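>
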Amino acid sequence: MNGKEMNEERFYQLKIRLLDIEPEIWRRFVVPADISLDRLHDVIQMVMGWNDTHLYEFTIGKKRYTESPESPKDGLESGRYRLGDLIRQEGRTFLYRYDFDDDWKHELILEDSRFFEPGLICLEGERASPPEDVGGVPEYNEFCKAAKEPQNEEDLELLRWMDGEFDSEYLDIDAINWILARYLRWSRKRLLEWDPIDWAE
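For the sequence shown, the UniProt record's numbering assigns the number 1 to the initial residue and increments by one for each residue that follows.
1. Would you check if the distance between the CB atom of I35 and the CB atom of L76 is smaller than 8 Å?
2. Note the first and the last residue of the continuous beta strand (DSSP E) segment covering G49.
3. Would you identify the three-state DSSP class for G61, choosing helix, strand or coil?
4. Give every residue of the same chain whose Cβ lies closer than 7 Å to the Cβ of K189, excluding the five residues on either side of it in the sequence, and list them in chain order.
5. Tell me the start and end of each unbroken beta strand (DSSP E) in the region 118-162 that is at least 3 residues and wholly inside, in chain order.
6. What residue from R28, A33, T59 has the CA that sits closest to I44's CA?
7. Exposed or buried, which one is E57 when buried takes at least 16 other CB atoms within 10 Å?
8. Would DSSP call L184 helix, strand or coil?
9. From what residue to what residue does the beta strand (DSSP E) around D112 run?
10. Between which two residues does the beta strand (DSSP E) holding L95 run?
11. Return the Cβ separation of L180 and M46 in integer angstroms, given the expectation that the two are a contact with Cβ distance under 8 Å.
12. Do you know how far the Cα of R10 is from the Cα of L19?
13. How is S78 classed by DSSP in three states: helix, strand or coil?
14. Give me the DSSP bridge partner(s) of R28.
15. Please classify S71: is it buried, with 16 or more other beta-carbons within 10 angstroms of its beta-carbon, or exposed?
16. What's the C-alpha gap between L158 and P138?
17. Are G49 and S168 close, meaning C-beta to C-beta below 8 Å?
18. Please name the residue or residues paired with D36 in a DSSP beta bridge.
In C-alpha cells:
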C-alpha cells in the first residue's frame, strides 16, 4: 500500500441485522472507515431507530468494547478504537449488543471496504426496530400480534403504551438520513469530536 492509499479517506459499506427475529430487520449504511466505535454506536442507534437509553457493547474477535468500562473485565473503552483498525477484510462480521435487559443482538458485516461515494448515509433496509423496553424477542413477537389484532384489554394497553399504533413494516429511509445529516451538522471533526446537540434549534 502506497502513501497516497494510506492517507486516503475511506468509507465502509456495512449491513446490520437484528438477530433472532423473522422477518429480518436490517439496514445497509455507509460510515468513514476511521470512525471510532463509540460514534459507530451513535450511528447504529440512528439507522436502527433506537433511542440510546441503554448500555451497549461491540464484540470483535474475542474482545469486547463498551463505553466507560469500570475495569478490564468489563471490556475496552470504545472511544479509543477505530473501526478501520479492527475490521479490514470484506466479509468480516462482528457483533453489537444493545440494552442488556432486552438483550438486542445485532450482526454487522463489512460488505465494501472502499465505498465509491463519501458520506454518512443509510442506503436501504427493511422493517422497524422493536420499541424500546418492550422486553426482548419473545415479548416483541407477542407485541406484534397484539398490535395487528388486539384481543383483550391487555393488548389494548400495549397499544396505548405505543400511542395507539405500531407498524412493524414501516421504515422511512429519508427520515433516517435527515437525522444523520443533523448529527454531522454539529461535528467539529467528522465522526471524531462532537459538540452537544441542541435539538431545539
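Backbone N, C-alpha and C fix where the C-beta goes; we use that ideal spot for every residue, glycine too. Quick caveat, the model's predicted, so the values are computed rather than measured.
On the basis of the data shown:
1. In this structure, I35 sits away from L76, with a CB-CB distance that is not shorter than 8 Å.
2. Run containing G49: none; DSSP gives neither H nor E here.
3. Three-state DSSP puts G61 in coil, outside helix and strand.
4. Note that K189 has pLDDT 49, beneath the 50 cutoff, so the model's placement of it is unreliable and the number below is only indicative. Non-local C-beta neighbours of K189 in its own chain, meaning closer than 7 Å and more than five positions away in sequence, are absent.
5. 121-126
6. R28
7. buried
8. The answer is helix: DSSP assigns L184 an H, G or I state.
9. 104-112
10. 93-98
11. 6 Å
12. 28 Å
13. helix
14. Residue pairing by DSSP puts R28 in a beta bridge opposite K15, E124.
15. By the 10 Å Cβ count, S71 comes out exposed.
16. 15 Å
17. no
18. Checking the displayed sequence, the identity of residue 36 turns out to be Ser instead of Asp. Looking at the DSSP assignment, S36 forms a beta bridge with R82.
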